[in-house]
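Counting from 1475, one number per residue, gives the positions in the sequence shown under this note's numbering.
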Amino acid sequence: MEETGLNRLIKKAYETLNLISFLTAGELEARAWTITRGTLAPQAAGVIHTDFEKKFIKADIIPYPEFVSASGWVKAREQGKVQSMGRDYVMKDGDVVEFKLGV
């Protein structure tokens, strides 16, 4: 077996419930957030805090494997791997995101 039974159960539950996860990563912490597949970036921001959805401007996005290989935001930006996406961006499973918000 390549995965534990618990990991297989979690993946099957996410698939059955039509869920995905995106990640936020800062200097102090990294966190995974669960959303429904097909959720747009502003609504994903709203999962973190309702004000984030209201004040959404854009989302800086990078796939998790590229984020790890770049060792974080600074090098990922230097390497041009981060994409700035707007209100119509559909979140993907494993996206690492930094939301940009207005006042």
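Ideal Cβ placement from N, Cα and C applies to all residues, glycine included.
C-beta contact flag for residue i and residue j at 8 Å
i: Phe1541; j: Ala1533; result: no
i: Asp1562; j: Phe1496; result: no
i: Phe1526; j: Leu1575; result: yes
Close beta carbons around residue i, own chain, < 7 Å, minus the five adjacent residues each side
i: Gly1512; result: Val1564
i: Gly1560; result: Lys1532
i: Asn1492; result: Thr1510, Arg1511
Contacts around residue i, its chain only, beta-carbon distance under 6 Å, and the 5 residues preceding and following it disregarded
i: Ile1536; result: Ala1550, Lys1555, Val1556, Val1570
Expected contact under 8 Å - CB spacing of residue i and residue j to nearest Å
i: Phe1530; j: Ala1515; result: 7 Å
i: Ile1494; j: Ile1484; result: The pair is not a contact, with the Cβ atoms about 12 Å apart (cut-off 8 Å).
Sequence-distant residues of its chain with Cβ nearer than 8 Å to residue i (five each side left out)
i: Ile1522; result: Thr1498, Trp1507, Phe1573
Minimum length 4: unbroken alpha helix (DSSP H) runs contained in the segment 1521-1556: 1524-1528, 1538-1543, 1547-1552
Examine the Cβ distances between the segment 1496-1510 and the segment 1548-1562 and report whether three or more of them are shorter than 8 Å. no
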